[in-house]
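Everything on this sheet refers to the single structure shown next.
Protein chains: 2
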Amino acid sequence: MRILQIAPLWETVPPPAYGGTEAVVSVLTDELVRMGHDVTLAASGDSRTRAKLLSVYPRSLRRADDLTDRNPYDWSHIATALEHAREFDVIHNHTGELLMAMSNLVSTPMLTTTHCMTTHDTEFIWRRYRRAYNTISRWQQAHFGRVAPQARSMGHVYNAIDVETFPFEPAKSDDLLFLSRVAPEKGPQYAVEVAKRTGRRLIIAGKVDNYDRQFFEEVMRDLIDGEQIVFFGEADAAQKRELYARAMCLLMPITWDEPFGLVMPEAMACGTPVIAFNRGSVPEIIVHGRTGFIVDTAGEMADAVSEVRRIDPHACREHVREHFSPATMAANYVRVYERLVADTWRAHTAAASRTVSAAIIENGPAVADGHAIARTAS
Amino acid sequence: MRILQIAPLWETVPPPAYGGTEAVVSVLTDELVRMGHDVTLAASGDSRTRAKLLSVYPRSLRRADDLTDRNPYDWSHIATALEHAREFDVIHNHTGELLMAMSNLVSTPMLTTTHCMTTHDTEFIWRRYRRAYNTISRWQQAHFGRVAPQARSMGHVYNAIDVETFPFEPAKSDDLLFLSRVAPEKGPQYAVEVAKRTGRRLIIAGKVDNYDRQFFEEVMRDLIDGEQIVFFGEADAAQKRELYARAMCLLMPITWDEPFGLVMPEAMACGTPVIAFNRGSVPEIIVHGRTGFIVDTAGEMADAVSEVRRIDPHACREHVREHFSPATMAANYVRVYERLVADTWRAHTAAASRTVSAAIIENGPAVADGHAIARTAS
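One line per chain: the protein sequences are C and W, in this order.
When you number the first sequence by the numbering used here, it's gap-free, plus one each residue, and the end is 381.
When you number the second sequence by the numbering used here, it's gap-free, plus one each residue, and the end is 381.
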């Protein structure tokens with residue numbers, strides 16, 4: 004198939020550090036190429052991909068600090084992708100709502116993946132969207148069914164990680180790990196509570212965004228003692244893998260409905276169980292009692308920590324291989340693409356056959372210029 | 004002609020106070036309807052027009068304070084206009100660069116009017132723009148010729164005002180008038196200098212934007228004494244007309260290249276001469292010695308003030324009627340639309356005739372099914 008993947012221009016594909024969407028796009032694109040598809044990736048010019056690269060700008064906008072207004076570059080990126088749409092069997096939108104708003108201007112089958120949740124304002128676009136979309140977890144389906152009544156849901160396709168780049172380590176330390184943005188909805192304060200209850204060391208790794216700075220200063224600062232509660236700061240790709248591999252388990256005491264949560268398969272790929280609060284996609288990603296535990300409170304999380312040695316690291320990695328590998332994700336997406344292309348072709352031939360039928364009915368059964376036209380209606 | 008006018012969603016058409024673009028769109032749209040064209044206006048739902056109104060949102064975004072992110076509404080506005088493009092002979096874009104970025108996604112003849120100057124970032128769109136545009140003064144032509152090498156210039160079409168709504172007043176006071184945003188590039192400090200040199204009273208009418216607040220406090224505040232130098236504040240539509248009508252003359256000591264400057268025809272429509280610095284479009288709008296004076300310094304402006312009683316108020320109003328009336332502007336735009344539509348049709352038939360010629364050459368001269376096909380090539 005001829006496939007156009009459209010990544011956000013904001014971050015390089017793959018991203019050097021943060022950038023969940025761009026990481027998934029990278030894995031998907033390279034896997035589709037490996038499968039033999041003819042793939043083009045619309046992304047920043049400094050992206051690295053096995054596919055052909057379609058780029059209007061040489062750098063990702065995150066690093067283009069010399070620009071005052073980044074919108075024109077983003078608009079050009081989306082417009083250029085749409086101008087090329089007719090050269091593809093299917094176009095896959097990972098960029099969100101601007102492209103969705105413009106989606107009726109092209110007729111190529113289009114899939115939008117719901118990498119982000121909606122806001123009151125972006126729902127203005129979702130309510131009008133009439134093309135196809137997929138969610139990244141079953142949990143997201145109900146929400147998008149509500150906000151996008153005119154769109155066509157293609158079900159959910161789970162995100163994937165490049166399992167082979169995550170080191171498998173069955174021998175674990177005694178330390179707990181919290182790895183995420185240090186933000187109230189990620190629940191680092193509950194991770195500290197679990198550490199206190201179990202008497203274990205906790206490593207907190209993650210960046211503090213500007214809008215989470217107050218939370219960090221007011222809530223977290225005093226909890227971090229550098230002994231039992233250690234703040235690692237932002238971990239790069241290599242450090243992240245090391246932290247996962249040696250941790251006894253990953254704690255994910257989220258207080259919001261995480262739509263997917265890449266850290267769960269990443270930790271499990273290293274053979275590290277995950278203990279998480281039962282929100283959003285969590286029950287779809289963790290197999291309770293087999294790859295981790297799903298709990299409701301910090302007290303239950305502390306209890307689960309004392310059970311976590313019973314989890315087999317091999318089962319964790321195997322679970323990721325089966326459900327969150329590039330091959331699984333790409334195969335699922337190809338199935339979605341094929342349904343979209345087949346349905347578009349059926350609609351096309353149906354329209355053509357309506358035109359022919361109308362002509363036959365208008366002219367009656369006929370033999371014209373030596374070419375017999377069979378009448379399909381009885 | 005079937006014409007789609009696309010106004011910014013930011014401000015109501017016509018605007019209650021500021022909004023030069025929306026004022027011009029309003030005048031143009033109503034005049035085209037009066038001429039008998041089939042006109043649709045894409046604008047905010049609270050707009051008032053003689054044309055059909057195409058609207059995705061009930062209010063102008065300037066007044067939608069409950070919205071966090073206005074972009075999705077703007078995207079929908081542009082997308083909806085483009086979705087309807089094929090229902091029109093021509094579409095006229097007054098909204099700037101987002102629609103320009105998307106312009107290759109539709110084939111309807113399109114004209115963009117350069118209501119705003121470009122920035123380093125918006126030039127990214129202009130460089131790629133391949134459709135038609137017109138400027139609002141001859142002065143703008145060189146600039147846009149440079150930044151839009153692939154676009155088709157249709158020359159300049161001057162803005163218009165609804166002359167009949169401006170009261171003609173030949174009996175003038177002795178006061179000078181400055182009517183504009185109170186901003187350094189508009190030169191209110193030079194207007195004060197002219198008032199001091201001539202010993203006349205100066206009325207300063209206009210709003211102070213947030214980013215001009217420092218200029219107002221540091222430069223203007225001490226100059227305003229409430230006696231000789233009077234700060235009127237922001238004038239509404241009725242107050243503006245009263246100020247123009249009774250002023251001896253309008254001072255426009257601009258320090259930037261004003262691309263058009265609606266205040267000049269507005270003042271002249273009231274029979275009020277304009278004395279302006281020689282920047283941007285000024286020499287195209289003022290006839291030196293007949294409807295005002297074009298000068299280079301505050302000293303020359305003060306000298307011109309002593310000559311301004313020689314200007315005939317009737318000549319000022321007549322000049323506006325002839326060059327900046329709705330009828331003149333609309334007739335000029337219709338000429339541009341007709342060239343665009345005719346050229347698009349010619350390109351279409353040329354493409355069709357190439358296809359026919361290719362078929363003839365391939366098949367040779369032929370008589371098929373009793374229909375003779377004349378061979379045009381010798």
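All C-beta atoms, glycine included, are put in the ideal place defined by N, C-alpha and C.
Since this is a predicted model, take the numbers as computed values, not measurements.
### Reduced DSSP category for residue 76 (chain C) - H, G, I as helix; E, B as strand; rest coil
Along the first sequence, read from residue 1 onward, the residue named residue 76 (chain C) stands at position 73. The answer is helix: DSSP assigns residue 76 (chain C) an H, G or I state.
### Message
By alpha-carbon positions, which one of C:294, C:317 and C:33 ends up nearest to residue 308 (chain C)?
### Response
Residue numbering aside, residue 308 (chain C) sits at position 305 when the first sequence is read from its first letter. Nearest C-alpha to residue 308 (chain C): C:294.
### Task
For residue 158 (chain W), name the three-state secondary structure that DSSP assigns.
Position 155 of the second sequence holds residue 158 (chain W). Strand, per DSSP.
### Query
Got a sec: is the Cβ-Cβ distance from residue 369 (chain W) to anything in chain C below 7 Å?
Within the second sequence, numbered from 1, the residue matching residue 369 (chain W) stands at position 366. At residue 369 (chain W) the pLDDT is 49, less than 50, meaning the model places this residue with poor confidence and gives no usable figure here.
### Ordered list of beta strand (DSSP E) runs contained in the stretch 233 to 310 of chain C, each at least 3 residues
252 to 255, 277 to 280 and 295 to 298
### Message
Within 7 Å of any Cβ in chain W, is that where the Cβ of residue 12 (chain C) sits?
### Response
Stepping through the first sequence from its first residue, residue 12 (chain C) is reached at position 9. It does not; no Cβ of chain W falls within 7 Å.
### Query
Should the stretch 246 to 261 of chain C be called in touch with the stretch 272 to 288 of chain C, which here means at least 3 C-beta pairs below 8 Å?
yes
### Query
If contact means a Cβ-Cβ distance below 7 Å, which residues of the stretch 86 to 109 of chain C contact chain W?
86, 100, 101, 104, 105, 107, 108 and 109
### Query
Is the Cβ of residue 383 (chain C) closer than 7 Å to any Cβ of chain W?
Here chain C covers residues 4 to 381 and nothing more, so residue 383 (chain C) does not appear.
#### Entry: Backbone CA spacing between residue 77 (chain W) and residue 64 (chain W) [nearest angstrom]
Here residue 77 (chain W) refers to the residue found at position 74 of the second sequence. Here residue 64 (chain W) refers to the residue found at position 61 of the second sequence. Going from the Cα of residue 77 (chain W) to the Cα of residue 64 (chain W) covers about 8 Å.
### Task
Please name the residues in the stretch 38 to 54 of chain C whose beta-carbon is closer than 7 Å to at least one beta-carbon of chain A, in chain order.
No chain A appears in the structure shown, which is made up of the protein chains C and W.
### Query
Ends of the beta strand (DSSP E) at residue 136 (chain C)?
Locating residue 136 (chain C) in the first sequence gives position 133, where the first residue counts as 1. Counting along the chain, the beta strand (DSSP E) containing residue 136 (chain C) begins and ends at 135 to 138.
### Task
Have a look at the DSSP bridge pairing and note the partners of residue 95 (chain W).
Numbered from 1 along the second sequence, position 92 holds the residue referred to as residue 95 (chain W). Residue 95 (chain W) pairs with W:8 and W:114.
### Query
Nearest chain W C-beta to residue 68 (chain C) closer than 7 Å, yes or no?
Within the first sequence, the letter at position 65 stands for residue 68 (chain C). False, the Cβ-Cβ gap to chain W never drops below 7 Å.
#### Entry: Three-state class that DSSP yields for residue 88 (chain W) in the structure shown
The residue labelled residue 88 (chain W) in the question sits at position 85 within the second sequence. Helix.
### Query
If residue 286 (chain C) sits next to residue 327 (chain C), beta carbons under 8 Å apart, how far is it from one beta carbon to the other, in whole angstroms?
Position 283 of the first sequence, counted from the first residue, corresponds to residue 286 (chain C). Position 324 of the first sequence, counted from the first residue, corresponds to residue 327 (chain C). Contact doesn't hold; Cβ gap of about 15 Å is too wide.
### Query
What is the rounded straight-line gap between the Cα of residue 236 (chain W) and the Cα of residue 206 (chain C)?
Here residue 236 (chain W) corresponds to residue number 233 of the second sequence, with the count starting at 1. Here residue 206 (chain C) corresponds to residue number 203 of the first sequence, with the count starting at 1. If you take the alpha carbons of residue 236 (chain W) and residue 206 (chain C), they lie about 59 Å apart.
### Query
Does DSSP put residue 81 (chain W) in a helix, a strand or coil?
The sequence position of residue 81 (chain W) within the second sequence is 78, counting from 1. The answer is helix: DSSP assigns residue 81 (chain W) an H, G or I state.
### Message
Distance cutoff 7 Å, beta carbons only. Does residue 151 (chain W) sit that close to anything in chain C?
### Response
One-based indexing of the second sequence puts residue 151 (chain W) at position 148. Residue 151 (chain W) does not count as touching chain C.
### Message
Among W:214, W:337 and W:198, whose alpha-carbon lies nearest the alpha-carbon of residue 304 (chain W)?
### Response
Walking along the second sequence from the start, residue 304 (chain W) turns up at place 301. Taking each of W:214, W:337 and W:198 in turn and checking the Cα distance to residue 304 (chain W), the smallest one comes out for W:198.
### Collapsed DSSP secondary structure at residue 128 (chain C) in the structure displayed
For the purposes of this step, residue 128 (chain C) is identified with residue 125 of the first sequence, where counting begins at 1. Residue 128 (chain C): helix per DSSP, three-state reduction.
### Query
Applying a beta-carbon distance threshold of less than 7 Å, which residues of chain W neighbour residue 127 (chain C)?
Residue mapping note: residue 127 (chain C) aligns to position 124 of the first sequence, counting from 1. Result: 75, 76 and 79.
### Task
Assuming residue 203 (chain C) contacts residue 177 (chain C) (C-beta within less than 8 Å), just tell me the rounded distance between them.
By one-based count along the first sequence, residue 203 (chain C) stands at place 200. By one-based count along the first sequence, residue 177 (chain C) stands at place 174. Yes, residue 203 (chain C) and residue 177 (chain C) are in contact; Cβ-Cβ is about 6 Å, under 8 Å.
### Query
Going by alpha carbons, who is nearest to residue 195 (chain W) out of W:85, W:229 and W:147?
Within the second sequence, residue 195 (chain W) is the residue found at index 192, counting from 1. Of the listed residues, the one whose Cα sits closest to residue 195 (chain W) is W:229.
### Query
Counting only beta-carbon atoms, is residue 115 (chain W) nearer than 7 Å to chain C?
Your numbering for residue 115 (chain W) matches position 112 in the second sequence. Closer than 7 Å: no.
#### Entry: For residue 147 (chain C), the three-state DSSP class (helix, strand or coil)
For the purposes of this step, residue 147 (chain C) is taken as residue 144 along the first sequence, with counting starting at 1. Looking at residue 147 (chain C) - three-state DSSP - the assignment turns out to be helix.
#### Entry: Three-state class that DSSP yields for residue 55 (chain W) in the structure shown
As a position in the second sequence, residue 55 (chain W) is number 52, starting the count at 1. If DSSP states are grouped into helix, strand and coil, residue 55 (chain W) belongs with the strands.
### Task
At 7 Å on the CB atoms, spell out the chain C contacts of residue 306 (chain W), in chain order.
Residue mapping note: residue 306 (chain W) aligns to position 303 of the second sequence, counting from 1. What residue 306 (chain W) touches in chain C: nothing, since even the nearest Cβ is about 41 Å away.
### Query
With a CB to CB cut of under 6 Å and the five nearest residues on each side skipped, what residues in its chain are close to residue 233 (chain W)?
Counted from its first residue, the second sequence places residue 233 (chain W) at position 230. These residues qualify, in order along the chain: 206.
### Task
Answer yes or no: do residue 117 (chain C) and residue 147 (chain C) have a C-beta to C-beta separation smaller than 7 Å?
Within the first sequence, residue 117 (chain C) is the residue found at index 114, counting from 1. Within the first sequence, residue 147 (chain C) is the residue found at index 144, counting from 1. Taking 7 Å as the Cβ cut-off, residue 117 (chain C) and residue 147 (chain C) qualify as a contacting pair.
### Query
Are the CB atoms of residue 106 (chain C) and residue 134 (chain C) nearer to each other than 7 Å?
Locating residue 106 (chain C) in the first sequence gives position 103, where the first residue counts as 1. Locating residue 134 (chain C) in the first sequence gives position 131, where the first residue counts as 1. Yes, Cβ-Cβ distance for residue 106 (chain C) and residue 134 (chain C) is below 7 Å.
### Task
Have a look at the DSSP bridge pairing and note the partners of residue 41 (chain W).
By one-based count along the second sequence, residue 41 (chain W) stands at place 38. Residue 41 (chain W) pairs with W:5.
### CB contact below 7 Å: residue 212 (chain W) versus chain C
The residue labelled residue 212 (chain W) in the question sits at position 209 within the second sequence. No, its Cβ sits nowhere closer than 7 Å to a Cβ of chain C.
### Query
How many angstroms separate the CA atom of residue 167 (chain W) from the CA atom of residue 61 (chain W)?
Walking along the second sequence from the start, residue 167 (chain W) turns up at place 164. Walking along the second sequence from the start, residue 61 (chain W) turns up at place 58. Answer to the nearest angstrom: the Cα atoms are 30 Å apart.
#### Entry: Listed by chain order, chain C residues near residue 354 (chain W) by CB distance under 9 Å
Here residue 354 (chain W) refers to the residue found at position 351 of the second sequence. The contacting residues do not exist; residue 354 (chain W) stays about 17 Å from chain C at best.
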